[in-house]
Amino acid sequence: MLQQWVQYFPDMMKGVLITLKLTGSSLVVALVFGFILALMRLSTSKTLNLIGTWYIEIVRAVPVLVIIFLAYYSLGNILTLSGFTAAVVSLGAFYATQYGEIFRGAILGVDKGQTEAASALGMPSRTIMRKVILPQAFFTILPPATNQLSNLIKDTSLVFTIGISDLMFQAYSAASNNFLPLDMLLEAGVIYFVFYLVLSKLLARWELNVQRSRS
Amino acid sequence: MHIVGLYISPIAIGALKDLILTILSTLLSFVLGILFAAGRLYGHPVIKLVIGWYVEIIRGLPAILQLFIIFFGLTQIGINLSPLTAGLIWLVAYGTGYAVEIFRSGIMDVAQGQREAASALGLGRWITMRKVIVPQAFALMLPALTSFVVLQLKNTTLLYLIGYADIMYQARLGADATEAPGTLYLMAAAAYLIMSLVIGRIGYRLEKRATAYR
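In order, the protein sequences belong to chains A and B.
Heads up: take any position in the first sequence, counting from 1, add 101, and you land on this note's numbering.
Heads up: take any position in the second sequence, counting from 1, add 674, and you land on this note's numbering.
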């Protein structure tokens, strides 16, 4: 049994690489798009506000797997996406809603007096956002953002359904080679769990540091 | 439009199946979740540890991996489950992991003063729990419980991957037969969207009513 674990370990690591690449790319898309969504929902323009709100409400209510299938199989008629691009687009589109709400909450959470003080000093509103609000919102963003990152890593496992050879895919194909599904899935599970533990330990550290630095 | 008419009833039946699974698994996970939460808060240290790790493992592993371990993995040790059984077991196991944390923080969030006041009035532990803590905790937990039900509904999608005939399964069949995947997957998305919105609406109504307790 152990021999099988060792034998397929290199394959699993190849999968991990793809999983990490996918996580990184989707995270960038989700952060950028999420920030735009947050700004839309905070803007004074009614139309932008409505679009942002509806986008978040709708996309959040649909399972990630459905979004992946929509992007991969349906957009194919209009423009052909590679599996990897489709995965990045759909994970990015879904997680943008999560990050959008996190950003919005954090920006709203910064005391109103800060904005007022800054504008009394004659700062333009872009500078206020960049120099006053965002640095303060950053610490409120960190814990939920890390949490979502660990959700994102877990959800990348869904892309094996469109044939991307990530960790989950490697575990599945190893299992169909050696007929030891329990062993192979558990091996992948251990690897996923390590990522989860590292992230949640990091998170606990961060929270401690932030509490210390702010008290 | 022709395609929509052709596949609307299979997808509706799939939706109904998903809804029943969601309700059933939610009820079971709530019962287990309350028991586990009580165990984690007031139980023996060993019980606390075991439940703590259970929650971590459920939260730390990808949903699809857990489902595959139950459905494919267990065949290695001679346990063959039908897609429905495996799916239901997983939904309850997964839901319980999340429900524990909701109930635990709900119970903890009710102020300590409430508990002290109740015991100063000579109320027993059980009565305090039932008449003082739970009604207040319930109101606090409602938003989390609503999103829990939506999460469970979305999780039922994964059952398609082990061959259970839910919405996605029907959409896939249709997509393969008609070569119009866009329409079919949009119909699936719409089905989930409608159900999620209805659940959200019900949750919102309940919340409004429950705030009367506070």
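Where is the CB? At the ideal position from N, CA and C, for every residue including glycine.
field: Sufficient close CB pairs (3 or more, under 8 Å) joining the region 852-869 of chain B to the region 721-741 of chain B
entry: Short answer: they don't touch.
message: Please list, in chain order, the chain A residues whose beta carbon lies closer than 9 Å to that of leucine 755 of chain B.
response: Against the second sequence, residue 755 of chain B aligns to sequence position 81. By Cβ distance, chain A contributes nothing, its closest Cβ being about 13 Å from leucine 755 of chain B, past 9 Å.
Spatial distance of threonine 186 of chain A from serine 127 of chain A (CA atoms): Here residue 186 of chain A refers to the residue found at position 85 of the first sequence. Here residue 127 of chain A refers to the residue found at position 26 of the first sequence. Near 9 Å, if we compare the C-alpha coordinates of serine 127 of chain A and threonine 186 of chain A.
task: Check histidine 641 of chain B in the structure and name its three-state DSSP category.
output: Any property of residue 641 of chain B remains undetermined from this structure, which presents chain B solely from 675 to 888.
- prompt: Exposed or buried, arginine 714 of chain B, counting other C-beta atoms within 10 Å across all chains shown (16 or more means buried)?
  reply: For the purposes of this step, residue 714 of chain B is taken as residue 40 along the second sequence, with counting starting at 1. So arginine 714 of chain B ends up on the buried side.
message: When you compare the CB positions of leucine 833 of chain B and leucine 695 of chain B, do they come within less than 9 Å of one another, or not?
response: By 1-based counting over the second sequence, the position of residue 833 of chain B is 159. By 1-based counting over the second sequence, the position of residue 695 of chain B is 21. Yes. Within cutoff.
CB contact check: lysine 691 of chain B to chain A, cutoff 9 Å: In the second sequence, the residue the question calls residue 691 of chain B occupies position 17. Answer no: the Cβ-Cβ gap between lysine 691 of chain B and chain A never drops below 9 Å.
- prompt: Looking only at its own chain, which residues have a Cβ that is under 7 Å from the Cβ of isoleucine 208 of chain A, when we skip the five neighbours before and after it?
  reply: Residue 208 of chain A sits at position 107 when you count from the first residue of the first sequence. Correct list, in chain order: Ala139, Leu143, Ile234, Ala238.
- request: Apply the 10 Å Cβ neighbour rule to tyrosine 878 of chain B and answer buried if 16 or more other Cβ atoms are within range, or exposed otherwise.
  value: Reading the second sequence from its first residue, position 204 is the one you call residue 878 of chain B. Burial call: exposed.
query: How close, in whole Å, do the beta carbons of tyrosine 768 of chain B and alanine 818 of chain B come, if the pair is a contact with beta carbons under 8 Å?
result: Locating residue 768 of chain B in the second sequence gives position 94, where the first residue counts as 1. Locating residue 818 of chain B in the second sequence gives position 144, where the first residue counts as 1. For a cut-off of 8 Å, the C-beta gap from tyrosine 768 of chain B to alanine 818 of chain B is around 16 Å, too long to register as a contact.
query: Between the region 862-874 of chain B and chain A, which residues of the former have CB atoms less than 7 Å from a CB of the latter, in chain order?
result: Listed in sequence order: Ala862, Ala863, Tyr866, Leu867, Ser870, Leu871.
- request: Mind listing the chain A neighbours of proline 855 of chain B? Cutoff is C-beta to C-beta under 7 Å, in chain order.
  value: The residue you call residue 855 of chain B lines up with position 181 of the second sequence. Chain A residues near proline 855 of chain B: Tyr174, Ser175.
query: How about alanine 865 of chain B and isoleucine 836 of chain B: are their beta carbons less than 9 Å apart?
result: Taking the first residue of the second sequence as position 1, residue 865 of chain B is located at position 191. Taking the first residue of the second sequence as position 1, residue 836 of chain B is located at position 162. In terms of Cβ geometry, alanine 865 of chain B and isoleucine 836 of chain B do not form a close pair [threshold 9 Å].
- request: Taking only beta-carbon positions, decide if isoleucine 743 of chain B is within less than 9 Å of chain A.
  value: As a working mapping, residue 743 of chain B is identified with position 69 in the second sequence. Judged by the 9 Å Cβ criterion, isoleucine 743 of chain B is in contact with chain A.
- prompt: Can you name, in chain order, every residue of its own chain whose Cβ lies under 7 Å from the Cβ of leucine 758 of chain B, other than the five neighbours on each side?
  reply: Locating residue 758 of chain B in the second sequence gives position 84, counting from the first residue. Counting only Cβ-Cβ distances below 7 Å, and skipping sequence neighbours, we find Tyr838.
message: Please identify, using Cβ separations under 9 Å, the residues of the region 818-851 of chain B that lie next to chain A, in order along the chain.
response: Answer set for the region 818-851 of chain B: Val824, Leu827, Lys828, Asn829, Thr830, Thr831, Leu832, Tyr834, Leu835, Ile841, Met842, Ala845, Arg846, Ala849.
query: CB leucine 268 of chain A to CB methionine 102 of chain A, shorter than 9 Å?
result: For the purposes of this step, residue 268 of chain A is taken as the residue at position 167 of the first sequence. For the purposes of this step, residue 102 of chain A is taken as the residue at position 1 of the first sequence. Not closer than 9 Å, so no.
- request: Kindly list, in the order they appear in chain A, the residues whose Cβ is closer than 9 Å to that of alanine 811 of chain B.
  value: Walking along the second sequence from the start, residue 811 of chain B turns up at place 137. By Cβ distance, chain A contributes nothing, its closest Cβ being about 22 Å from alanine 811 of chain B, past 9 Å.
- prompt: Taking Cβ positions only, does glycine 69 of chain A come closer than 9 Å to chain B?
  reply: Nothing can be reported for residue 69 of chain A, as the shown portion of chain A is limited to 102 through 316.
- prompt: For the candidate residues A/Leu132, A/Leu286, A/Lys213, whose alpha-carbon lies nearest to that of phenylalanine 195 of chain A?
  reply: Here the question's residue 195 of chain A lines up with position 94 in the first sequence. Comparing C-alpha distances from phenylalanine 195 of chain A to each of A/Leu132, A/Leu286, A/Lys213 shows the shortest one belongs to A/Leu132.
Min CB distance isoleucine 697 of chain B to chain A below 9 Å: If you number the second sequence from 1, residue 697 of chain B lands on position 23. Not closer than 9 Å to any Cβ of chain A, the Cβ of isoleucine 697 of chain B fails to qualify, so no.
field: Nearest residue (CA-CA) to valine 766 of chain B, options B/Leu690, B/Val784, B/Gln740
entry: Position 92 of the second sequence, counting from 1, holds the residue named residue 766 of chain B. Here the closest residue by C-alpha is B/Gln740.
- prompt: How about alanine 197 of chain A and leucine 182 of chain A: do their beta carbons lie closer than 9 Å?
  reply: The count along the first sequence starts at 1 and reaches residue 197 of chain A at position 96. The count along the first sequence starts at 1 and reaches residue 182 of chain A at position 81. In this structure, leucine 182 of chain A does not lie closer than 9 Å to alanine 197 of chain A by Cβ.
task: Measure the Cβ-Cβ separation of glycine 707 of chain B and isoleucine 763 of chain B and say whether it is below 9 Å.
output: Taking the second sequence and counting its residues from 1, one reaches residue 707 of chain B at position 33. Taking the second sequence and counting its residues from 1, one reaches residue 763 of chain B at position 89. No, these two residues do not count as a Cβ contact at 9 Å.
task: Output the boundary residues of the alpha helix (DSSP H) element that contains alanine 865 of chain B.
output: Here residue 865 of chain B refers to the residue found at position 191 of the second sequence. Where alanine 865 of chain B is concerned, the enclosing alpha helix (DSSP H) stretches over 855-884.
field: Length of the line joining the Cα atoms of leucine 281 of chain A and asparagine 754 of chain B
entry: Here the question's residue 281 of chain A lines up with position 180 in the first sequence. Here the question's residue 754 of chain B lines up with position 80 in the second sequence. Rounded to the nearest angstrom, the two C-alpha atoms are 14 Å apart.
task: Let me know the secondary structure DSSP gives methionine 102 of chain A once reduced to three states.
output: Along the first sequence, read from residue 1 onward, the residue named residue 102 of chain A stands at position 1. Three-state result, methionine 102 of chain A: coil.
query: So the alpha helix (DSSP H) methionine 815 of chain B belongs to, where does it begin and stop?
result: In the second sequence, residue 815 of chain B corresponds to position 141, counting from 1. Note, methionine 815 of chain B: alpha helix (DSSP H), 808-829.
- request: Check the C-beta distance from proline 245 of chain A over to isoleucine 203 of chain A and give it rounded, since I have them as a contact under 8 Å.
  value: Along the first sequence, one-based indexing puts residue 245 of chain A at 144. Along the first sequence, one-based indexing puts residue 203 of chain A at 102. Going by Cβ atoms, the distance from proline 245 of chain A to isoleucine 203 of chain A rounds to 5 Å, so yes, they are a contact pair.
task: May I ask you to report which of helix, strand or coil DSSP gives tyrosine 838 of chain B?
output: One-based indexing of the second sequence puts residue 838 of chain B at position 164. Note: tyrosine 838 of chain B maps to coil in three-state DSSP.
field: Range covered by the alpha helix (DSSP H) that runs through serine 191 of chain A
entry: Residue mapping note: residue 191 of chain A aligns to position 90 of the first sequence, counting from 1. Unbroken alpha helix (DSSP H) run through serine 191 of chain A: 184-210.
task: Specify whether the region 103-122 of chain A and the region 286-298 of chain A touch according to this definition: at least 3 beta carbon pairs, one from each stretch, less than 8 Å apart.
output: Yes: the two stretches touch, three or more of their Cβ pairs being nearer than 8 Å.
task: Can you tell me which of the three DSSP states valine 163 of chain A falls into?
output: What you label residue 163 of chain A is simply residue 62 of the first sequence in a count that begins at 1. In the structure shown, valine 163 of chain A falls within a coil segment according to DSSP collapsed to helix, strand and coil.
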